[in-house]
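Scroll down for the structure; my scribbles are underneath it.
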Amino acid sequence: MKTLFQTLKEFCRSGVVSMHMPGHKRNVQKFPYLNEICGALDVTEVAGLDELHNARGVIADVCDRAAALWGANRTFLSVNGSTGALLAALYACTSCGDRVLVARNAHKSLVNGLELLRLKTEWVYPDVLPCGICGSISPQAVRNALKKTPCKAVVVTSPTYEGVISDVKGIAEAAHEQGALLIVDGAHGAHLDLSPYFVGGGVKQGADAVVCGIHKTLPALTQTALLHCTDSLAVKVSRAMSVFVTSSPSYLLMASVDCMLDVLEKQGEQLFSALDKNLDEFYAQAKKANAPLYCGEGAYAFDKTKLYFVCDGKSAKQKLREIHNIEAEYAWQGGVLLMSSIGDDEERLQKLAKALPLLEKTDTTGLTALPRTEKKRELFEDIPTRLTPLSQAAGKISAETVWVFPPAVPLLLKGEVITEQCAALLAERRRETISQNNSPKGFILTEC
Numbered sequence: 008m009k010t011l012f013q014t015l016k017e018f019c020r021s022g023v024v025s026m027h028m029p030g031h032k033r034n035v036q037k038f039p040y041l042n043e044i045c046g047a048l049d050v051t052e053v054a055g056l057d058e059l060h061n062a063r064g065v066i067a068d069v070c071d072r073a074a075a076l077w078g079a080n081r082t083f084l085s086v087n088g089s090t091g092a093l094l095a096a097l098y099a100c101t102s103c104g105d106r107v108l109v110a111r112n113a114h115k116s117l118v119n120g121l122e123l124l125r126l127k128t129e130w131v132y133p134d135v136l137p138c139g140i141c142g143s144i145s146p147q148a149v150r151n152a153l154k155k156t157p158c159k160a161v162v163v164t165s166p167t168y169e170g171v172i173s174d175v176k177g178i179a180e181a182a183h184e185q186g187a188l189l190i191v192d193g194a195h196g197a198h199l200d201l202s203p204y205f206v207g208g209g210v211k212q213g214a215d216a217v218v219c220g221i222h223k224t225l226p227a228l229t230q231t232a233l234l235h236c237t238d239s240l241a242v243k244v245s246r247a248m249s250v251f252v253t254s255s256p257s258y259l260l261m262a263s264v265d266c267m268l269d270v271l272e273k274q275g276e277q278l279f280s281a282l283d284k285n286l287d288e289f290y291a292q293a294k295k296a297n298a299p300l301y302c303g304e305g306a307y308a309f310d311k312t313k314l315y316f317v318c319d320g321k322s323a324k325q326k327l328r329e330i331h332n333i334e335a336e337y338a339w340q341g342g343v344l345l346m347s348s349i350g351d352d353e354e355r356l357q358k359l360a361k362a363l364p365l366l367e368k369t370d371t372t373g374l375t376a377l378p379r380t381e382k383k384r385e386l387f388e389d390i391p392t393r394l395t396p397l398s399q400a401a402g403k404i405s406a407e408t409v410w411v412f413p414p415a416v417p418l419l420l421k422g423e424v425i426t427e428q429c430a431a432l433l434a435e436r437r438r439e440t441i442s443q444n445n446s447p448k449g450f451i452l453t454e455c
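8 is the number of the first residue of the sequence shown in this note's numbering; add one for each residue after it.
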């Protein structure tokens with residue numbers, strides 16, 4: 008049996024076109040520091056190298072430079088990915104027992120945080136777009152929900168995995184009108200607002216805390232993220248980051264952020280301009296080929312670096328790899344997602360353009376990535392459970408959270424009613440679904 012290391016090397020030597028994260032796309036020609044950051048530089052907190060959770064030197068400089076680039080009051084560095092940053096933001100903005108309004112298309116890491124911190128939840132659903140993916144969250148929906156049930160904080164995901172952007176400025180105004188703080192899970196939008204070509208991030212739109220998964224769309228190593236916040240939250244965020252981010256941070260990861268910032272400071276405008284031009288050409292080619300490329304229809308705004316095709320996603324993903332040696336980010340029955348970044352050059356997008364005839368539109372009538380249901384219990388409540396066949400689960404209350412990975416948005420939350428639609432969807436996607444309790448396939452934990 009091949010080892011992990013052997014398998015990894017073989018994959019990277021295969022010449023596969025990486026239309027997936029991380030954002031550096033293993034482009035060592037464009038970002039030579041990726042080759043230089045290696046085991047010989049793997050050290051710990053020694054004199055002169057600063058300390059992540061008490062940064063006053065070179066690490067503090069990294070955070071200050073990042074804050075300047077994104078236009079944030081304060082910025083903190085996470086080597087526990089967006090997950091660590093999101094948990095820290097939630098911890099800093101709430102207290103145990105508080106009520107929080109959360110967009111239902113939240114990532115599982117946020118759901119875990121809500122349970123861990125014993126927070127009460129109100130859910131606001133995004134519209135489901137005709138292609139089956141989640142649309143934007145409207146400020147009015149947030150305003151109405153907060154007037155009905157006051158909450159300490161609001162959490163929205165913008166942009167989504169597929170690039171759908173919400174009106175963060177309007178949501179921030181709605182939240183602040185009702186005395187709530189706004190946290191934006193912008194894990195997939197770290198590249199936004201760094202140039203005039205790609206906009207719509209949360210930092211400049213009035214959010215109190217914004218998470219940016221820089222490794223997803225920018226040239227930093229996997230597991231790196233930033234948490235931007237207001238000055239008034241800085242002390243609490245600092246404490247929270249020391250709780251949820253490792254006390255043994257990798258200097259290799261942090262060094263990659265330093266190098267990434269150098270690239271953005273010196274070449275950012277040029278790199279984003281080139282990507283914008285190449286994407287405009289690609290979208291024009293897709294339109295000419297009548298390819299089923301989603302272009303933001305029905306959304307408040309859209310991040311065009313996310314290339315989402317409304318097609319038989321699983322078949323398309325397989326064909327892209329087998330015929331064109333292109334690896335997509337993820338696929339499901341309603342579509343396939345490919346991710347572009349400043350790590351891509353014109354040649355990569357042109358190779359993808361040659362594969363457009365493979366991507367044939369599919370009927371998405373009635374298809375949804377997020378079925379609606381009803382909350383009956385809080386996530387943190389302990390409830391007696393039994394193992395129930397999915398075929399008999401409709402009408403019962405789920406005792407576990409079930410998600411598809413990627414994108415790790417829960418199809419069903421612990422404490423929600425299992426509808427017939429949800430049970431059918433779980434059964435249909437049983438090979439992809441992951442349960443927090445590892446229930447046997449075809450079964451689910453329900454309340455007794």
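We treat Cβ as the ideally placed atom computed from N, Cα and C, and that holds for glycine.
Note that this is a predicted model, so its numbers are computed, not measured.
Burial state of residue i (16 or more Cβ within 10 Å)
i, result
"Q212", "buried"
"C455", "exposed"
"K284", "exposed"
"R355", "buried"
"K16", "exposed"
"P39", "exposed"
"P157", "exposed"
"E43", "exposed"
"Q230", "buried"
"L327", "buried"
"K361", "exposed"
"P166", "buried"
"M8", "exposed"
"F18", "exposed"
"G402", "exposed"
Distance between residue j and residue i (C-alpha atoms, nearest Å)
i, j, result
"T426", "Y301", "29 Å"
"E288", "M28", "22 Å"
"L225", "L394", "43 Å"
"G303", "Q292", "17 Å"
"P364", "I349", "25 Å"
"L189", "T82", "16 Å"
"K368", "E329", "20 Å"
"L359", "A406", "43 Å"
"A400", "V23", "42 Å"
"V264", "G120", "26 Å"
"A376", "S173", "18 Å"
"T128", "G139", "25 Å"
"L123", "C103", "9 Å"
"E381", "T237", "34 Å"
"P203", "G193", "18 Å"
"T51", "L374", "50 Å"
"G55", "Y337", "42 Å"
"S442", "L433", "11 Å"
Boundaries of the alpha helix (DSSP H) in which residue i is found, first to last residue
i, result
"A110", "Run containing A110: none in the alpha helix (DSSP H); it sits in the beta strand (DSSP E), 106-110."
"P414", "It is not in any alpha helix (DSSP H) - P414 carries neither H nor E in the DSSP assignment."
"Y315", "Element bounds for Y315: not the alpha helix (DSSP H) but the beta strand (DSSP E), 313-316."
"T101", "Premise fails: T101 is in no alpha helix (DSSP H) and is neither H nor E."
"S280", "258-295"
"H222", "221-224"
"F5", "Nothing can be reported for residue 5: it is not among the residues displayed for the chain, which extend from 8 to 455."
"K321", "320-331"
Boundaries of the beta strand (DSSP E) in which residue i is found, first to last residue
i, result
"V343", "342-346"
"L374", "First-last for L374: undefined, no H or E at that position."
"S116", "Per DSSP, S116 belongs to no beta strand (DSSP E); it is in the alpha helix (DSSP H), 115-123."
"P396", "392-396"
"I441", "440-442"
"I190", "188-192"
"M2", "Only positions 8 to 455 of the chain appear in this structure, which leaves residue 2 out of reach."
"V161", "160-164"
Supposed close pair residue i, residue j - CB separation, criterion 8 Å
i, j, result
"M248", "S398", "The pair is not a contact, with the Cβ atoms about 45 Å apart (cut-off 8 Å)."
"K324", "A335", "5 Å"
"G78", "V250", "Contact doesn't hold; Cβ gap of about 27 Å is too wide."
"C219", "G186", "Not really, about 26 Å apart at Cβ, beyond 8 Å."
beta-carbon residue i near the ligand SAM non-hydrogen atom, thresh 7 Å
i, result
"T164", "This structure lacks the ligand SAM; in fact it carries no ligand of any kind."
Would you check if the region 344-361 and the region 300-319 touch, i.e. whether three or more CB-CB distances between them fall below 8 Å?
By the C-beta criterion, the region 300-319 is judged to be in contact with the region 344-361, since at least 3 inter-stretch pairs fall below 8 Å.
Determine, using beta-carbon pairs with one atom in the region 404-420 and one in the region 105-115, whether at least three such pairs fall under 8 Å.
A contact exists between the region 404-420 and the region 105-115.
Would you say the region 380-388 touches the region 140-149, given that touching needs at least three Cβ pairs under 8 Å?
Contact fails: fewer than three Cβ-Cβ distances are below 8 Å.
Stretch pair the region 253-271 + the region 62-79: three plus CB contacts closer than 8 Å
With the rule of 3 Cβ pairs closer than 8 Å, the region 253-271 counts as touching the region 62-79.
Should the region 238-258 be called in touch with the region 83-100, which here means at least 3 C-beta pairs below 8 Å?
The region 238-258 vs the region 83-100: in contact.
Mind the definition here: the region 130-141 touches the region 431-439 only if three or more C-beta pairs lie below 8 Å; say whether that holds.
These segments do not touch.
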